[in-house]
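**Q** This is the structure I want to talk about, given as structure tokens.
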Amino acid sequence: MTSRIDAIALDRADPLASFRDEFLVTDPAVIYLDGNSLGMTPARTVTRIHEVVTGEWASGLIGSWDRWLDMPQRVGDRLAPLIGAAPGEVVVHDSTTVNLYQLVHAALALRTDRTVIAIDAGEFPTDRYVVQGIADATGRTVRDGFVELGDVAVVVRSVVDYRTAAVVDVAAETARARAAGALVVWDLAHAAGVLAVDLGAAGAELAVGCSYKFLNGGPGAPGWSYVAAALQPHLRQPIWGWFAHVDQFAMGPTFAPRPDIGRLLLGTPSILALTAADEGIALSARAGILEISAKADALTAFALRLCDELGLATSTPRDPARRGGHVAVVHDDARTLVPALAARCVITDFREPDVIRIGCSPLTTRFTDVYDGLVLIAQLAADSSSSPADAGTDPAQR
Ligand SMILES: Cc1ncc(COP(=O)(O)O)c(C=O)c1O
5 MTSRIDAIAL
15 DRADPLASFR
25 DEFLVTDPAV
35 IYLDGNSLGM
45 TPARTVTRIH
55 EVVTGEWASG
65 LIGSWDRWLD
75 MPQRVGDRLA
85 PLIGAAPGEV
95 VVHDSTTVNL
105 YQLVHAALAL
115 RTDRTVIAID
125 AGEFPTDRYV
135 VQGIADATGR
145 TVRDGFVELG
155 DVAVVVRSVV
165 DYRTAAVVDV
175 AAETARARAA
185 GALVVWDLAH
195 AAGVLAVDLG
205 AAGAELAVGC
215 SYKFLNGGPG
225 APGWSYVAAA
235 LQPHLRQPIW
245 GWFAHVDQFA
255 MGPTFAPRPD
265 IGRLLLGTPS
275 ILALTAADEG
285 IALSARAGIL
295 EISAKADALT
305 AFALRLCDEL
315 GLATSTPRDP
325 ARRGGHVAVV
335 HDDARTLVPA
345 LAARCVITDF
355 REPDVIRIGC
365 SPLTTRFTDV
375 YDGLVLIAQL
385 AADSSSSPAD
395 AGTDPAQR
């Protein structure tokens, strides 16, 4: 049986352990296992936002736009190596939902001979809703799943499943879609900053993701878009804002897009949100994506081993190459267990219908956090199944 001493030894041997000291911990009693949903607060973010507010906004006033204007591209260039993109292929702007809308629209405009958009029925809700809305507005049809791609214009697909953490082979699925004549818009919301995804090597052409989960960019931090360099000049996105104009301050009568990734910009970006995103991304860049993904493997492997030993069911793949940065514990009482855990300072999250997600965020999660969290889940689960109501004496009270 794995013991807490084993977890302590793993924390001591962890080459990324010191990164936790770069984050604010306001209550040491809290065991935070939800960094896959909202990453913790880098201490540098607080300092940097203060500097930007006082030194750039208050002192520089509107003159600071000189240094702010290209921030979405600069932060994109910092993020690029973490997802296998080249400089100039990533821009950080707006929410993942908006970015997805833009790229699905733009991809459809490149496949006018086809009318089908393929997406899995179990995909994250916003992706399905965006696809349904575009199909509804443009007379396209939505197909569930990716088996038949022969008549598909655009595939929308997450790299990491938000419930099970199952990972798709991006290179193989991009190649299969391309052979069938379809374009893929990849969603890296649960992959960026935790897996060593190499979009360039995989031949991926279009992708979106967020920066507030494993990248620790802060609540509502902007999402990002990736467009392979070769595709950029051909991409016509649907929201023509002035930040995407090739000559923004000419204030001309008609829209003409920039030739580069900047054509995806819309209106004035939130500089404070971009500042926070930049600091989170910078921290991950400093740690290194290979080191981060190695720790994610180790944490999730440890969690799966504990699940087995503690008798907890999980839907997360055993193969480390097919597993993201969280572990899904499956339990009939998941809905009530999550608040019961929170009452004991263990923060996880619930996903319909029966999943407790254990987020393993490599820069902040310790092996002891995983150990303590899973042991408590097993205890509470045992209590819930041995409680009189659950024992089935009175089904009406269950
Ligand atoms: C897989 C996936 N896609 C898209 C989104 C939506 O992101 P946003 O709300 O930032 O637009 C999320 C949010 O958690 C997500 O998990």
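Under my numbering, the residue at position 364 of the sequence shown is numbered 368, and the numbers go up by one with no gaps. Ideal Cβ placement from N, Cα and C applies to all residues, glycine included.
Beta-carbon distances below 6 Å to any heavy atom of ligand 1 define the shell here; list its residues in chain order, please.
**A** For ligand 1, the selected residues are 99, 100, 101, 128, 130, 131, 162, 166, 191, 193, 194, 214, 227.
**Q** Does the beta-carbon of residue 129 have 16 or more other beta-carbons within 10 angstroms, so that it is buried, or is it exposed?
**A** One-based indexing of the sequence shown puts residue 129 at position 125. So residue 129 ends up on the exposed side.
**Q** Between the region 295 to 305 and the region 94 to 107, do at least 3 Cβ pairs fall closer than 8 Å?
**A** Result no; under three Cβ-Cβ pairs closer than 8 Å.
**Q** What residue does the beta strand (DSSP E) around residue 145 start on, and which one ends it?
**A** In the sequence shown, the residue the question calls residue 145 occupies position 141. Element bounds for residue 145: 145 to 148.
**Q** Who does residue 354 pair with in a DSSP beta bridge?
**A** Residue numbering aside, residue 354 sits at position 350 when the sequence shown is read from its first letter. Paired residues: 360.
**Q** Whole angstroms are fine: how far does the CA of residue 351 sit from the CA of residue 6?
**A** Numbered from 1 along the sequence shown, position 2 holds the residue referred to as residue 6. Numbered from 1 along the sequence shown, position 347 holds the residue referred to as residue 351. So the alpha carbons of these two residues sit roughly 22 Å apart.
**Q** Based on the DSSP secondary-structure assignment, which residues constitute the bridge partners of residue 69?
**A** Counting from one through the sequence shown, the residue named residue 69 turns up at place 65. Per DSSP, none; premise fails for residue 69.
**Q** For residue 319, I'd like the list of residues in its chain whose CB is within less than 6 Å of its CB, leaving aside the five on either flank, ordered along the chain.
**A** Mapped onto the sequence shown, residue 319 falls at position 315. Only 168, 332, 334 meet the Cβ criterion.
**Q** Would the region 22 to 37 and the region 185 to 203 be scored as touching if the rule is three or more Cβ pairs under 8 Å?
**A** The region 22 to 37 vs the region 185 to 203: no contact.
**Q** For residue 198, name the three-state secondary structure that DSSP assigns.
**A** The residue given as residue 198 occupies position 194 in the sequence shown. Coil at residue 198, not helix or strand.
**Q** Between which two residues does the alpha helix (DSSP H) carrying residue 379 extend?
**A** Looking up residue 379 in the sequence shown gives position 375. Start and end: 371 to 390.
**Q** Locate the alpha helix (DSSP H) running through residue 133, then write down its first and last residues.
**A** Taking the first residue of the sequence shown as position 1, residue 133 is located at position 129. Looking at the DSSP string, the run of the alpha helix (DSSP H) that includes residue 133 is 129 to 142.
**Q** How would you label residue 134, buried or exposed, when you count the other beta carbons within 10 angstroms and need 16 or more for buried?
**A** Taking the first residue of the sequence shown as 1, we reach residue 134 at position 130. By the neighbour-count rule (16 or more Cβ atoms within 10 Å), residue 134 is buried.
**Q** Tell me, please, which residues DSSP counts as bridged to residue 161.
**A** One-based indexing of the sequence shown puts residue 161 at position 157. Beta-bridge pairing links residue 161 to 190.
**Q** Mind reading off the beta-carbon distance from residue 269 to residue 248? Whole number of angstroms is fine, and I expect it under 8 Å.
**A** Numbered from 1 along the sequence shown, position 265 holds the residue referred to as residue 269. Numbered from 1 along the sequence shown, position 244 holds the residue referred to as residue 248. With 8 Å as the limit, residue 269 and residue 248 qualify as a contact, their Cβ atoms being about 5 Å apart.
**Q** Could you give the distance in angstroms between the alpha-carbon of residue 156 and the alpha-carbon of residue 45?
**A** On the sequence shown, residue 156 is found 152 positions in, with the first residue counted as 1. On the sequence shown, residue 45 is found 41 positions in, with the first residue counted as 1. Between residue 156 and residue 45, the C-alpha separation is close to 41 Å.
**Q** Within 10 Å of its beta-carbon, does residue 30 have 16 or more other beta-carbons around it, so buried, or fewer, so exposed?
**A** Locating residue 30 in the sequence shown gives position 26, counting from the first residue. Flag for residue 30 reads exposed.
**Q** Could you pull the DSSP bridge partners for residue 327 from this structure?
**A** For the purposes of this step, residue 327 is taken as residue 323 along the sequence shown, with counting starting at 1. DSSP, once it has assigned bridges, lists 170 as partnering residue 327.
**Q** Helix or strand or just coil, what does DSSP make of residue 91?
**A** As a first step, residue 91 must be located in the sequence shown, where it is residue number 87. Residue 91: coil per DSSP, three-state reduction.
**Q** Is DSSP giving residue 23 helix, strand or coil here?
**A** Within the sequence shown, the letter at position 19 stands for residue 23. Residue 23 falls in the helix class under three-state DSSP.
**Q** Let's see if you can read the secondary structure: which residues bound the alpha helix (DSSP H) around residue 239?
**A** The residue you call residue 239 lines up with position 235 of the sequence shown. Counting along the chain, residue 239 falls outside any alpha helix (DSSP H), and DSSP gives it neither H nor E.
**Q** Quick test of the definition: if touching needs 3 or more C-beta pairs under 8 Å, does the region 307 to 325 touch the region 381 to 390?
**A** With a cut-off of 8 Å, the region 381 to 390 and the region 307 to 325 count as touching, because enough Cβ pairs lie within range.
**Q** Name the DSSP bridge partner or partners of residue 293?
**A** Reading the sequence shown from its first residue, position 289 is the one you call residue 293. Looking at the DSSP assignment, residue 293 forms no beta bridge with any residue, so it has no partner.
**Q** If you draw a straight line from the alpha carbon of residue 183 to that of residue 109, how long is it in whole angstroms?
**A** The count along the sequence shown starts at 1 and reaches residue 183 at position 179. The count along the sequence shown starts at 1 and reaches residue 109 at position 105. If you take the alpha carbons of residue 183 and residue 109, they lie about 21 Å apart.
**Q** Name the two residues that bound the continuous beta strand (DSSP E) containing residue 105.
**A** By 1-based counting over the sequence shown, the position of residue 105 is 101. No beta strand (DSSP E) holds residue 105; the alpha helix (DSSP H) holding it covers 100 to 113.
**Q** Under the three-state reduction of DSSP, which class applies to residue 274: helix, strand or coil?
**A** The residue you call residue 274 lines up with position 270 of the sequence shown. Three-state result, residue 274: coil.
**Q** Measuring CB to CB, does residue 204 end up less than 8 Å from residue 90?
**A** The residue you call residue 204 lines up with position 200 of the sequence shown. The residue you call residue 90 lines up with position 86 of the sequence shown. In contact: residue 204 and residue 90 (Cβ atoms closer than 8 Å).
**Q** Compare the beta carbon distance of residue 286 and residue 82 with 8 Å and say whether it is the shorter of the two.
**A** Mapped onto the sequence shown, residue 286 falls at position 282. Mapped onto the sequence shown, residue 82 falls at position 78. Going by C-beta atoms, residue 286 is nearer than 8 Å to residue 82.
**Q** Below 8 Å on the Cβ atoms is my contact criterion, and I expect residue 358 with residue 336 to pass it. Report the Cβ-Cβ distance as a whole number of Å.
**A** Locating residue 358 in the sequence shown gives position 354, counting from the first residue. Locating residue 336 in the sequence shown gives position 332, counting from the first residue. About 6 Å; that satisfies the 8 Å criterion.
**Q** Contact between the region 52 to 67 and the region 251 to 267 is defined here as three or more beta-carbon pairs at a separation below 8 Å; is this criterion met?
**A** The region 52 to 67, when compared against the region 251 to 267, does not touch it at the 8 Å Cβ threshold.
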